[in-house]
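Undergrad: Have a look at this one.
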Amino acid sequence: LGWPVAHSRSPAMQNAALQALGLTGWRYQLLPVPPEAFAETVRALGAAGFRGANVTIPHKEAALALATSATDRATAIGAANTLTFDAASGAVRADNTDAPGFIAALPQPPVAGSTALVLGAGGSARAVVHALLEHRVEVEVWNRTPERAVALARDLGGRAVELARPAALLVNCTAAGLEHPSSAFEGLPVTADDLSTYATVVDLVYRPGGTEFLAAAQQRGCTVVDGLQMLVHQGALSLEAWTGLPAPADIMLAAARRSSLPPTHELRSSPSATRRSPRD
Ligand code: NAP
Numbered sequence: 002l003g004w005p006v007a008h009s010r011s012p013a014m015q016n017a018a019l020q021a022l023g024l025t026g027w028r029y030q031l032l033p034v035p036p037e038a039f040a041e042t043v044r045a046l047g048a049a050g051f052r053g054a055n056v057t058i059p060h061k062e063a064a065l066a067l068a069t070s071a072t073d074r075a076t077a078i079g080a081a082n083t084l085t086f087d088a089a090s091g092a093v094r095a096d097n098t099d100a101p102g103f104i105a106a107l108p109q110p111p112v113a114g115s116t117a118l119v120l121g122a123g124g125s126a127r128a129v130v131h132a133l134l135e136h137r138v139e140v141e142v143w144n145r146t147p148e149r150a151v152a153l154a155r156d157l158g159g160r161a162v163e164l165a166r167p168a169a170l171l172v173n174c175t176a177a178g179l180e181h182p183s184s185a186f187e188g189l190p191v192t193a194d195d196l197s198t199y200a201t202v203v204d205l206v207y208r209p210g211g212t213e214f215l216a217a218a219q220q221r222g223c224t225v226v227d228g229l230q231m232l233v234h235q236g237a238l239s240l241e242a243w244t245g246l247p248a249p250a251d252i253m254l255a256a257a258r259r260s261s262l263p264p265t266h267e268l269r270s271s272p273s274a275t276r277r278s279p280r281d
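In short: position in the sequence shown from 1, add 1, done, that's the numbering used here.
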């Protein structure tokens with residue numbers, strides 16, 4: 002459920018997982034829903050045979066607001082990306098799997114007392130900051146609009162900052178790389194060379210061929226995690242909530258990577274390939 006949602010990688014990876022699990026009668030589909038129709042649509046989905054839904058921009062706050070129950074983390078973050086329906090009772094349960102999905106995408110769980118700098122103060126930054134604070138990481142938050150970083154820190158914890166300092170972990174939760182694909186650092190408080198002061202660098206943005214931000218980190222010897230890995234892990238947790246079965250994360254990642262390859266006519270014409278701007 003999103004508006005727009007056409008570029009989502011989720012159907013490719015979720016349908017690959019359903020097939021691998023032998024759930025042949027199940028199907029995961031895109032549903033573009035404008036904000037004015039969101040509540041009515043969600044209330045109808047359970048009775049229409051849907052077990053659950055992933056929710057993306059711009060519906061994550063609305064999803065939490067209309068659910069009949071919510072996990073503590075969805076309530077704390079203030080947004081839900083996963084809904085589970087009980088057709089019999091009409092109940093709608095909200096969760097936020099972006100937070101544990103982010104942790105699962107890291108090469109190892111964060112160490113208590115380690116440091117992290119989070120860039121951004123939107124919905125994904127809220128999930129990432131919540132997850133890091135749960136692991137007792139010392140979190141600093143920078144945002145282009147500083148008041149939003151201050152508000153995030155007031156709501157969730159961590160410290161709003163106006164300058165980037167070195168840390169063990171750097172997480173880009175801004176859409177900067179989407180808006181300026183050929184100049185991913187425009188508008189950010191770090192340069193490509195600054196990335197060497199972070200041991201691990203995560204970019205939530207994903208695009209065919211990878212992001213300039215992550216390529217720069219890799220060149221400087223950082224451990225890197227791309228946005229598809231978080232996408233897969235948040236989706237795997239949603240799938241487990243709906244099916245009760247362990248999700249095949251490797252199969253989901255392979256399917257998501259395949260679906261991220263530009264079509265062959267775009268590979269021959271690189272400018273159009275770099276203009277694609279998938280969001281989830
Ligand atoms: P959001 O709520 O709209 O927040 C956008 C954030 O990006 C805000 O902090 C905004 O700053 C900042 N921003 C936008 N353009 C910028 C620029 N040119 N320079 C500097 N900062 C800029 O979006 P979101 O849900 O947090 O998503 C952020 C990104 O993460 C998107 O690219 C999305 O596709 C990606 N994402 C990936 C996953 C995944 O599973 N991999 C999950 C969620 C999101 P202001 O407050 O100043 O506007």
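Each residue gets a CB set at the ideal place from its N, CA and C atoms; glycine is no exception.
(1) Is the beta carbon of residue 15 within less than 7 Å of some heavy atom of the ligand NAP?
(2) Could you tell me if the beta carbon of residue 222 falls within a distance shorter than 7 Å of some heavy atom in the ligand NAP?
(3) Can you grab the Cα-Cα spacing for the pair residue 87 / residue 242, in whole Å?
(4) Whose CA, out of 41, 105 and 55, lies closest to the CA of residue 227?
(5) Can you tell which of 71, 122 and 136 has its C-alpha closest to the C-alpha of residue 101?
(6) With distances taken between CB atoms, is the gap from residue 122 to residue 149 smaller than 8 Å?
(7) Is residue 86 helix, strand or coil when you go by DSSP?
(8) Which residue wins for smallest C-alpha separation from residue 70, given the options 171, 145, 56 and 94?
(9) Ignore the nearest five residues each way along the sequence and tell me which others in residue 207's own chain have a CB closer than 6 Å to its CB.
(10) Roughly how many angstroms separate the alpha carbons of residue 25 and residue 92, rounded to a whole number?
(11) Between the beta-carbon of residue 308 and the beta-carbon of residue 134, is there less than 8 Å?
(12) Closer than 7 Å by C-beta to residue 257: which residues in its own chain qualify, once you throw out the five before and the five after it? Chain order, please.
TA: Looking at the atomic coordinates:
(1) Taking the first residue of the sequence shown as 1, we reach residue 15 at position 14. Residue 15: no, Cβ never under 7 Å from the ligand NAP.
(2) Translated into positions along the sequence shown, residue 222 becomes position 221. Not under cutoff, so the answer is no.
(3) Within the sequence shown, numbered from 1, the residue matching residue 87 stands at position 86. Within the sequence shown, numbered from 1, the residue matching residue 242 stands at position 241. The straight-line gap from Cα to Cα measures roughly 12 Å.
(4) Mapped onto the sequence shown, residue 227 falls at position 226. Per the Cα distances, 105.
(5) Here residue 101 corresponds to residue number 100 of the sequence shown, with the count starting at 1. It is 136 whose Cα lies nearest to the Cα of residue 101.
(6) Your numbering for residue 122 matches position 121 in the sequence shown. Your numbering for residue 149 matches position 148 in the sequence shown. Cβ distance < 8 Å, so residue 122 and residue 149 count as in contact.
(7) The count along the sequence shown starts at 1 and reaches residue 86 at position 85. In the structure shown, residue 86 sits in a strand (DSSP, three-state: E or B).
(8) Taking the first residue of the sequence shown as 1, we reach residue 70 at position 69. Closest by alpha carbon: 94.
(9) Your numbering for residue 207 matches position 206 in the sequence shown. Cβ within range, chain order: 227, 228 and 229.
(10) As a working note, residue 25 is residue 24 in the sequence shown. As a working note, residue 92 is residue 91 in the sequence shown. Straight-line Cα distance between these residues: approximately 26 Å.
(11) Examination of residue 308 is not possible in this model, given that the chain is present from 2 through 281 alone.
(12) By one-based count along the sequence shown, residue 257 stands at place 256. Here the set comprises 10, 13, 14, 229, 232 and 233.
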